[in-house]
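Input: a single structure, listed below in structure tokens.
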Amino acid sequence: MTLRLRLYNLASLFLAFDRFTRQTRLPHCADMYRLQSLAARSLIAGALDQCTPFTLTSLTGVRHKSQGPSVEKYGQTRFLTAEAKVSAGRLNGKMREKTLSMDTLNPQVKAVEYAVRGPIVLKAGEIEKYLEEGGTKPFSEVIKANIGDAHAMGQQPITFLRQVVALCTFPELMDSPSFPEDAKWRALRILQGCGGHSLGSYSASPGVECIRKDIAAYIEQRDEGVPSDWENIYLTTGASDGIMTILRLLVSGKDSSRTGVMIPIPQYPLYSAAISEMDAVQVNYYLDEENCWALDINELYRAYQAAKLHCQPRVICIINPGNPTGQVQSKKCIEEVLHFAYEENLFVMSDEVYQDNVYTPDCQFHSFKKVLYEMGPEYFNSVELASFHSTSKGYTGECGFRGGYMEVINMDPEVKAQLVKLLSVRLCPPLAGQAAMDVIVNPPQPDEHSYKQFHQEKSSVLGALADKAKLTEQILNAVPGIKCNPVQGAMYAFPRIFIPPKAVEEAKALGMQPDMFYCLRLLEETGICVVPGSGFGQKDGTHHFRMTILPSIEKLKVLLGKVRDFHISFLKEYSALE
Numbered sequence: 265m266t267l268r269l270r271l272y273n274l275a276s277l278f279l280a281f282d283r284f285t286r287q288t289r290l291p292h293c294a295d296m297y298r299l300q301s302l303a304a305r306s307l308i309a310g311a312l313d314q315c316t317p318f319t320l321t322s323l324t325g326v327r328h329k330s331q332g333p334s335v336e337k338y339g340q341t342r343f344l345t346a347e348a349k350v351s352a353g354r355l356n357g358k359m360r361e362k363t364l365s366m367d368t369l370n371p372q373v374k375a376v377e378y379a380v381r382g383p384i385v386l387k388a389g390e391i392e393k394y395l396e397e398g399g400t401k402p403f404s405e406v407i408k409a410n411i412g413d414a415h416a417m418g419q420q421p422i423t424f425l426r427q428v429v430a431l432c433t434f435p436e437l438m439d440s441p442s443f444p445e446d447a448k449w450r451a452l453r454i455l456q457g458c459g460g461h462s463l464g465s466y467s468a469s470p471g472v473e474c475i476r477k478d479i480a481a482y483i484e485q486r487d488e489g490v491p492s493d494w495e496n497i498y499l500t501t502g503a504s505d506g507i508m509t510i511l512r513l514l515v516s517g518k519d520s521s522r523t524g525v526m527i528p529i530p531q532y533p534l535y536s537a538a539i540s541e542m543d544a545v546q547v548n549y550y551l552d553e554e555n556c557w558a559l560d561i562n563e564l565y566r567a568y569q570a571a572k573l574h575c576q577p578r579v580i581c582i583i584n585p586g587n588p589t590g591q592v593q594s595k596k597c598i599e600e601v602l603h604f605a606y607e608e609n610l611f612v613m614s615d616e617v618y619q620d621n622v623y624t625p626d627c628q629f630h631s632f633k634k635v636l637y638e639m640g641p642e643y644f645n646s647v648e649l650a651s652f653h654s655t656s657k658g659y660t661g662e663c664g665f666r667g668g669y670m671e672v673i674n675m676d677p678e679v680k681a682q683l684v685k686l687l688s689v690r691l692c693p694p695l696a697g698q699a700a701m702d703v704i705v706n707p708p709q710p711d712e713h714s715y716k717q718f719h720q721e722k723s724s725v726l727g728a729l730a731d732k733a734k735l736t737e738q739i740l741n742a743v744p745g746i747k748c749n750p751v752q753g754a755m756y757a758f759p760r761i762f763i764p765p766k767a768v769e770e771a772k773a774l775g776m777q778p779d780m781f782y783c784l785r786l787l788e789e790t791g792i793c794v795v796p797g798s799g800f801g802q803k804d805g806t807h808h809f810r811m812t813i814l815p816s817i818e819k820l821k822v823l824l825g826k827v828r829d830f831h832i833s834f835l836k837e838y839s840a841l842e
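Residue numbers (the working numbering): 265 to 842.
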């Protein structure tokens, strides 16, 4: 028997012993197991290489004078040598290339941009860390007004929603007198719809059936009797997941037949990012800033006709109430959009996540579905429409639950089957998010115990947002060189800022957009983090920034005061203030 074969046999023997010791877990074998296991692993490592003769004693790691390195030490040396080669990135004297590099990266991923969490936010994080480590700045904190994250801005959770989700997560709380019966009843009903009566199970890919039915009932009530089929409801991981899913169904073709996606400018960067990732064609239609960011039907036709020269427009996206612009579209405007979509055979995607966030008394939220229904059967039974909602906005601000839904109507049955297939690939949305969504569409009713507290909390949140929307508009419009349209809804202001020509030239010399230059200066000098308007899109020659109105009223006053003082100083620095 050759030395090599004997080594294999010995290695097999020790591997068998290794398995036996692991299975039996005998306490008295602990030391022997450790020693023999080391020897076995070392033998396997060294069996095929040149090695000195071994005796049974040497397998324990005890070195004899007549022998070379012990098996244990030999194996360690072998592994360390391999690690050294890998760490040096060299194999056979050559540098090993990365499989995934910027050259091999999917070009569509490189094209993706998401301004809301872009370079300004990264810089804000660096400054925050610097302050935490004892560094000094002209300010003591960074105020992040870049993103609509209500709870991060200090908004308190809605008690009833958290009670129901807590009960679903830990059903033993059902016995606690601290939880009201109406919360327990909802939690029990949700759990009965979950596999094993547990929130830790998967649900059906479209979502928990009873939650889908609750959403359909909510939509019918919201739209004053317009029918809603629960089988057209799909739970999603936030509204973004639903938007991406529908776009995946719509995007196809090459060259001049590529799908064109019509989006408003300014827009929420999710849309431009998704279009880039899917290699579709972005078709911009501009909102009318001079008319409070209204949607102009003539602009829709202009954008559509221009796009037809190089792509096939197939879908139009609308955000109502608007992000970042804060407008609430009128019923007449929505009718014109739906008529346009009907005429040009476009799929309609209606982003309605801010439907509860309407602050101006003479504005009202109109769902695209309800308006479509009121336009008559010819429209209601033919226009393909997907509407989206979320737990992240409204009065709850539960961004972290990643709950949402979409309602899809008039979809071809065969395509609908493909939609379900696509949804099944991601298994299901988080069940905690589904439970949170259920509370939003099925809140306490006037005759239930929790109604009074729920109503007070909801009214308090929405009332405070309305006050902050008005305050933001008033303070910004009092600043020379800033013009802010009324914040009719949503959670943001999108003021237009005058940037002097000298500042524009300096920004260009630095390779920056002028509003990026402005926002970086604002951050570095005041600690205020907002997002440049160029990240959302804007007409050439105009400059904006987006800020959220979510900070507390006290902090918002500080923020707006700092913006005012900075802007005046900025204009004086570049000799533009008369």
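Each residue gets a CB set at the ideal place from its N, CA and C atoms; glycine is no exception.
Give me, in chain order, the residues of the same chain whose beta-carbon lies closer than 7 Å to that of residue i; leave out the 5 immediate sequence neighbours on both sides.
i      : result
Thr790 : Phe403, Lys826 and Phe830
Val647 : Leu602, Ala605, Tyr606, Val612, Leu636 and Asn674
Gly517 : Thr523 and Gln576
Val768 : Pro778
If you follow the beta strand (DSSP E) that residue i is in, where does it begin and where does it stop?
i      : result
Ala650 : Leu649 to Ser654
Gln546 : Val545 to Tyr550
Ser614 : Phe611 to Asp615
Ser671 : The sequence shown places Glu at residue 671, rather than the Ser named in the question. Element bounds for Glu671: Gly667 to Ile673.
Leu499 : Ile497 to Thr501
Val525 : Thr523 to Ile529
Starting from residue i and walking both ways along the alpha helix (DSSP H), at which residues does that stretch end?
i      : result
Met780 : Pro778 to Thr790
Gln682 : Pro677 to Val689
Cys581 : Element bounds for Cys581: not the alpha helix (DSSP H) but the beta strand (DSSP E), Gln576 to Ile583.
Thr812 : Here Thr812 belongs to no alpha helix (DSSP H); instead the beta strand (DSSP E) covers Phe809 to Thr812.
Tyr565 : Ile561 to Ala571
Ile384 : Pro383 to Glu396
Met701 : Leu695 to Val705
His415 : Looking at the DSSP string, His415 is not in any alpha helix (DSSP H), and its letter there is neither H nor E.
Arg450 : Glu445 to Gln456
Gly825 : Ile817 to Glu837
Rounded C-beta distance between residue i and residue j? I'm assuming under 8 Å.
i      : j      : result
Gly471 : Leu499 : 3 Å
Pro588 : Gln752 : At roughly 13 Å, the Cβ-Cβ gap does not stay under 8 Å, so Pro588 and Gln752 are not in contact.
His630 : Ile580 : Their Cβ separation, rounded to whole angstroms, is 17 Å, which puts His630 and Ile580 out of contact at 8 Å.
Ala754 : Tyr549 : Not quite, the Cβ-Cβ distance comes to about 19 Å (not below 8 Å), so this is no contact.
Leu729 : Ala757 : Contact doesn't hold; Cβ gap of about 12 Å is too wide.
Gly797 : Pro530 : 7 Å
Given this structure, state the Cα-to-Cα distance separating residue i from residue j, to the nearest angstrom.
i      : j      : result
Leu551 : Gln372 : 27 Å
Ser462 : Phe652 : 27 Å
Glu721 : Ile422 : 6 Å
Arg298 : Pro533 : At Arg298 the pLDDT is 47, less than 50, meaning the model places this residue with poor confidence and gives no usable figure here.
Cys663 : Ala414 : 8 Å
Thr812 : Lys477 : 33 Å
Gly437 : Asp711 : Checking the sequence shown, residue 437 turns out to be Leu, not Gly. Each residue's Cα considered, the two are about 23 Å apart.
Ala771 : Leu784 : 11 Å
Val583 : Asp439 : In the sequence as presented, Val is not what sits at residue 583; that position holds Ile. Their Cα atoms are separated by approximately 44 Å.
Gln682 : Ser492 : 21 Å
Lys572 : Gly667 : 36 Å
Tyr715 : Thr736 : 31 Å
Gln427 : Pro707 : 12 Å
Glu600 : Gly805 : 29 Å
Leaving out the 5 sequence neighbours to the left and right, which residues in its chain are closer than 8 Å to residue i when beta-carbon positions are compared?
i      : result
Ala375 : Ser540 and Glu541
Asp295 : With a pLDDT of 46 at Asp295, under the threshold of 50, the modelled position of this residue cannot be trusted; read the value that follows with caution. Counting only Cβ-Cβ distances below 8 Å, and skipping sequence neighbours, we find nothing.
Val822 : Ile407
Phe284 : Its pLDDT being 49, under 50, Phe284 is placed unreliably by the model, and the measurement read from it follows with that caveat. Result list for Phe284: empty, nothing under 8 Å.
Hey, out of the options, whose CA is closest to residue i's CA?
i      : options                           : result
Gln709 : Met811, Glu445, Arg522 and Met366 : Glu445
Leu835 : His713, Phe762 and Phe718         : Phe762
Lys408 : Thr423, Gly398, Thr400 and Glu390 : Glu390
Trp494 : Gly524, Asn621 and Met670         : Met670
Ala451 : Asp702, Arg522, Arg486 and Glu607 : Asp702
Tyr623 : Gly590, Lys657, Thr523 and Tyr643 : Gly590
Val795 : Asn609, Asn410, Asp367 and Asp731 : Asn410
Leu594 : Ala571, Cys556 and Ala567         : Reading off the sequence shown, one finds Ser at residue 594, where the question assumed Leu. If we check each option's Cα against that of Ser594, Cys556 comes out closest.
Ile527 : Ser654, Gln456, Glu638 and Glu563 : Glu563
Met780 : Glu554, Thr655 and Arg810         : Arg810
Phe800 : Val515, Arg426 and Gln777         : Gln777
Asn621 : Gly412, Ile507 and Asp505         : Gly412
Pro764 : Ser839, Pro815 and Leu787         : Ser839
Can you give me the Cβ contacts of residue i inside the same chain, cut-off strictly under 6 Å, excluding the 5 residues immediately before and after it?
i      : result
Ser469 : Leu687, Ser688 and Cys692
Arg486 : none
Ile479 : Ile497, Tyr669 and Val705
So with Cβ pairs under 8 Å, would you call residue i a contact of chain C?
i      : result
Gly640 : Protein chains in the displayed structure number just one, and chain C is not present.
For residue i, verify whether its CB is less than 7 Å away from any heavy atom of the ligand SAM.
i      : result
Ile813 : Annotation note on the ligand SAM: not contained in the displayed structure, which lists no ligands.
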